[in-house]
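Q: Heads up, the sequence shown is in our numbering, so the first residue is 49 and it goes up one at a time.
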Amino acid sequence: MNWLDEAIFYEIYPQSFCDSNGDGIGDFNGIISKLDYIKNLGCNAIWMNPCFESPFGDAGYDISDYYKAAPRYGSNEDLQRLFELVHSRGMHILLDLVPGHTSIEHPWFKKSMQAEKNEYSDRYIWTSSVWEEPQGIACIRGISERNGAAAVNFFSHQPALNYGFYKKTRPWQQTADQEGPKSTLEEMKNIMRFWLNKGCDGFRVDMAGSLVKNDENGKGTIELWQKVRTFLDAEYPEAKLISEWGEPDKSLKGGFHMDFLLHFGPSHYNDLFRCKEPFFSSRGKGDAGLFVKNYIENYEKTKGQGLICIPSGNHDMDRLAHNLQDEELKIAFAFLLSMPGAPFIYYGDEIGMRYVENLHSIEGGYERTGSRSPMQWNSSANAGFSTAEAEKLYIPIDPSEDRPTVENQIQDADSLYNEIRKLIGIRRNTPALQNTARIDFVFTGKNKYPLAYLRGNGKERILVVINPSKESVSFPTKLKIDQQIYQFGKGLIQGGNMITVYGQTAAFYTVSLRG
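Below you can see the structure in the form of structure tokens.
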């Protein structure tokens, strides 16, 4: 059995999850102390955001040493112990790999800045003159004795690593088969070997589609990742690769096991949860039509090569609870936990943590900072996240007196937490709802409610009906409702070839074709 086929992920932002030593920043031992919580929720896999040594100008996505855990989280030995304790619970863990760029503080970059040619001169993308900017790519220049401008991959302190250019248009550009790009790729393989040997189960790859430059329709980057997949299959066949790419037809062809549909790119993910009129709002003015159209196109293109994931959110998005509340959140999770692909729950989304307004940017978060506030465990000081004084917290806690906590959500039988736990249990016990089971949309369209789809595995067929709107709606079908698997809200009624769905309802039923 491929463990990814049954995986339900929990994303941990390490600095904001649990602080074990009272310094105001989460750490590995804090995560270890909460592993049973994650397992009891029903999740059996973890994605942890970057935890390597960094100056933290971009929350750890600006790495200064790929081979060393950031001291504020703990040591390499602490991280290895985390792997072991995850595995002892029958769970898996992915690290966040950042192959596209480093910090300007990385020793590789400092050596590449030297005027004299050395083994790191071509580890990054440099033009041949400080007066020439890399075409179509941001850069930093005038920072060293080397005569050139260095391309950056994100912020100006994150120089782009050199994997070559698919199409060369300037003399200083290198192809992927030249020594500089080849050595960069080999070093990234070494980094993967290092952490896989210590016990991690694979990697979520940051900005996976950004590596080869001047890349025609992603062809060069696809070829690069195919080489990585060949290496992993030969040496670490159980290791998994999940991409931040947002174009599954490309990423899965490149050898990734799964891709995310995200808030950027053509997915229309934002139409569901994060726009002026989200589909999951009870106002019933949203539109899932373009999302479904794009999803079907990607789903058919993948041809079973891998999985497509729709996460509840992540560290780069507004909190799910920023636009949705109460019943809306429960119905949104009924959708998220009944779709194909491995579900991903962003820490705190399971208790309805809110976006914290009006925070100053912390460690490159800017408007994202409000979605990275500390996990809210209980009603004690700092919501149980840390024993530090409040002003020493990495990010301020949600100041609301009615902020949700794990403690009060567990005790409330009707809470979002308990609804999600129930949904995960149903998914894990129902093969037709799991990661690789097929999906066929039964009813959808522009500005139409409800959203209805069939999930199937072998002979079992389950109809999922999602109506976030307050209004009752109907749709035609030749399917006959047999047995209820799950219901939130008043449910639905069938009359002849029509199904009427009450407002704010999510329901799963086994079905058969009408005779």
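Every residue gets a Cβ at the ideal spot worked out from N, C-alpha and C, and that includes glycine.
1. Quick check: the Cα distance between A287 and D364, rounded to an integer number of angstroms?
2. Using DSSP with H/G/I as helix, E/B as strand and the rest coil, what is I60?
3. Tell me, to the nearest whole angstrom, how far the beta carbon of G70 is from that of T435; I am working on the premise that it is less than 8 Å.
4. Apart from the five residues on each side of it in sequence, which residues of its chain come closer than 8 Å, Cβ to Cβ, to K116?
5. State the DSSP-derived secondary structure class of W220, mapped to helix, strand or coil.
6. Spatial neighbours of Y534 within its chain, please: C-beta separation below 8 Å, excluding the five flanking residues on both sides.
7. Measure the CB-CB distance between F328 and P452 and report whether it falls below 9 Å.
8. Between which two residues does the beta strand (DSSP E) containing F203 stretch?
9. By DSSP's criteria, I141 is part of a beta bridge. Which residues make up the other side?
10. Rounded C-beta distance between S176 and W220? I'm assuming under 8 Å.
11. Go ahead and label P541 buried or exposed: buried means 16 or more other beta carbons lie within 10 angstroms of its beta carbon, across all protein chains shown.
12. Return the CA-CA distance between L385 and Y58, expressed in angstroms with no decimal places.
13. L142 to S258, Cα distance in whole Å?
14. Please classify G196 as buried or exposed, where buried requires at least 16 neighbouring CB atoms within 10 angstroms.
15. Chain C beta carbons: is any one of them nearer than 9 Å to that of K82?
16. How far does the alpha helix (DSSP H) with T269 in it reach, from first residue to last?
17. Is the beta carbon of G228 less than 9 Å from the beta carbon of S169?
18. Roughly how many angstroms separate the alpha carbons of Y109 and I547, rounded to a whole number?
19. Considering only residues of the same chain and omitting the five flanking positions on each side of R137, which have a CB-CB separation below 7 Å?
20. In terms of residues, what are the limits of the alpha helix (DSSP H) holding E132?
21. Consult DSSP for P207 and reduce its assignment to one of helix, strand or coil.
22. Could you tell me which residues DSSP puts in a beta bridge with M365?
23. Pull up the distance between the alpha-carbon of V303 and that of R277, whole angstroms please.
24. Under a three-way DSSP split, which group does L300 fall into?
25. Give the list of continuous beta strand (DSSP E) stretches no shorter than 3 residues that lie fully inside the region 323 to 408.
26. Give the DSSP-derived three-state secondary structure of R476 in the structure shown.
27. Quick check on DSSP: helix, strand or coil for Y465?
28. Answer with buried or exposed for H480, where buried requires no fewer than 16 other C-beta atoms within 10 angstroms of its C-beta.
29. So I239 is in the alpha helix (DSSP H); what residue range does that whole segment cover?
30. Hey, K261 and Y211: beta-carbon distance below 9 Å or not?
31. On the premise that F321 lies in contact with C66, defined as a C-beta separation below 8 Å, what is that separation, rounded to the nearest angstrom?
32. Would you kindly report the start and end of the unbroken alpha helix (DSSP H) that includes G78?
33. Counting beta carbon pairs with one atom in the region 406 to 424 and one in the region 490 to 504, are three or more of them shorter than 8 Å?
34. Give me the Cα-Cα distance between I185 and Q162, rounded to the nearest whole angstrom.
35. For D106, which residues from the same chain have a beta carbon less than 6 Å from its beta carbon, with the 5 sequence-adjacent residues on both sides left out?
36. Can you tell me where the alpha helix (DSSP H) with E455 in it begins and where it stops?
A: Working from what's here:
1. Position 239 of the sequence shown holds residue 287. Position 316 of the sequence shown holds residue 364. For A287 and D364, the distance between alpha carbons rounds to 25 Å.
2. Looking up residue 60 in the sequence shown gives position 12. If DSSP states are grouped into helix, strand and coil, I60 belongs with the strands.
3. Start at 1 with the first residue of the sequence shown, and residue 70 comes out as number 22. Start at 1 with the first residue of the sequence shown, and residue 435 comes out as number 387. 4 Å between Cβ atoms; contact.
4. To locate residue 116, count along the sequence shown from 1; it is residue 68. So the qualifying residues of the chain are F100, E101, N124.
5. By one-based count along the sequence shown, residue 220 stands at place 172. Reduced to three states, the DSSP call for W220 is coil.
6. For the purposes of this step, residue 534 is taken as the residue at position 486 of the sequence shown. So the list reads A382, K470, L471, I474, A554, A555, F556, once near-sequence residues are dropped.
7. On the sequence shown, position 280 is the one that residue 328 refers to. On the sequence shown, position 404 is the one that residue 452 refers to. In this structure, P452 does not lie closer than 9 Å to F328 by Cβ.
8. The sequence position of residue 203 within the sequence shown is 155, counting from 1. Neither: F203 is in no beta strand (DSSP E) and is coded neither H nor E.
9. In the sequence shown, the residue the question calls residue 141 occupies position 93. I141 is bridged to I94.
10. Working through the sequence shown from its first residue, we reach residue 176 at position 128. Working through the sequence shown from its first residue, we reach residue 220 at position 172. 4 Å between Cβ atoms; contact.
11. Residue numbering aside, residue 541 sits at position 493 when the sequence shown is read from its first letter. In the sequence as displayed, the identity of residue 541 is Ile instead of Pro. That one is exposed.
12. The count along the sequence shown starts at 1 and reaches residue 385 at position 337. The count along the sequence shown starts at 1 and reaches residue 58 at position 10. Using only the alpha carbons, I get a separation of about 13 Å.
13. Taking the first residue of the sequence shown as 1, we reach residue 142 at position 94. Taking the first residue of the sequence shown as 1, we reach residue 258 at position 210. For L142 and S258, the distance between alpha carbons rounds to 20 Å.
14. Position 148 of the sequence shown holds residue 196. Classification for G196: buried.
15. Although the question refers to chain C, the structure presented lacks it and comprises just one protein chain.
16. Taking the sequence shown and counting its residues from 1, the one referred to as residue 269 is at position 221. Its alpha helix (DSSP H) spans residues 267 to 283.
17. Residue mapping note: residue 228 aligns to position 180 of the sequence shown, counting from 1. Residue mapping note: residue 169 aligns to position 121 of the sequence shown, counting from 1. Taking 9 Å as the Cβ cut-off, G228 and S169 qualify as a contacting pair.
18. If you number the sequence shown from 1, residue 109 lands on position 61. If you number the sequence shown from 1, residue 547 lands on position 499. Looking at the two C-alpha atoms, the distance is approximately 49 Å.
19. For the purposes of this step, residue 137 is identified with residue 89 of the sequence shown, where counting begins at 1. So the list reads L83, K87, once near-sequence residues are dropped.
20. Locating residue 132 in the sequence shown gives position 84, where the first residue counts as 1. Residues 124 to 136.
21. Indexing the sequence shown from 1 puts residue 207 at position 159. The answer is strand: DSSP assigns P207 an E or B state.
22. In the sequence shown, the residue the question calls residue 365 occupies position 317. Note: M365 sits in no beta bridge, so no partner.
23. If you number the sequence shown from 1, residue 303 lands on position 255. If you number the sequence shown from 1, residue 277 lands on position 229. Reading the sequence as shown, one finds Gly at residue 303 and not Val. Rounded to whole angstroms, G303 to R277 spans 5 Å at the Cα level.
24. Taking the first residue of the sequence shown as 1, we reach residue 300 at position 252. In this structure, L300 counts as coil in the three-state DSSP scheme.
25. 355 to 357, 392 to 394
26. Along the sequence shown, read from residue 1 onward, the residue named residue 476 stands at position 428. The answer is helix: DSSP assigns R476 an H, G or I state.
27. Within the sequence shown, numbered from 1, the residue matching residue 465 stands at position 417. If DSSP states are grouped into helix, strand and coil, Y465 belongs with the helices.
28. Translated into the one-based positions of the sequence shown, residue 480 becomes position 432. In the sequence as displayed, the identity of residue 480 is Ala instead of His. Under this definition A480 is a buried residue.
29. Here residue 239 refers to the residue found at position 191 of the sequence shown. Where I239 is concerned, the enclosing alpha helix (DSSP H) stretches over 227 to 246.
30. Here residue 261 corresponds to residue number 213 of the sequence shown, with the count starting at 1. Here residue 211 corresponds to residue number 163 of the sequence shown, with the count starting at 1. Their beta carbons are under 9 Å apart, which means K261 touches Y211 by this criterion.
31. Taking the first residue of the sequence shown as 1, we reach residue 66 at position 18. Taking the first residue of the sequence shown as 1, we reach residue 321 at position 273. About 26 Å separates the two Cβ atoms, so there is no contact after all.
32. In the sequence shown, counting from the first residue as 1, residue 78 sits at position 30. Segment 76 to 81, the alpha helix (DSSP H) holding G78.
33. no
34. Taking the first residue of the sequence shown as position 1, residue 185 is located at position 137. Taking the first residue of the sequence shown as position 1, residue 162 is located at position 114. The alpha-carbon atoms of I185 and Q162 are separated by roughly 22 Å.
35. Numbered from 1 along the sequence shown, position 58 holds the residue referred to as residue 106. If we look at D106 and ignore the five residues flanking it on each side, its Cβ neighbours are F203, G412.
36. If you number the sequence shown from 1, residue 455 lands on position 407. 454 to 459 is the span of the alpha helix (DSSP H), which, as asked, contains E455.
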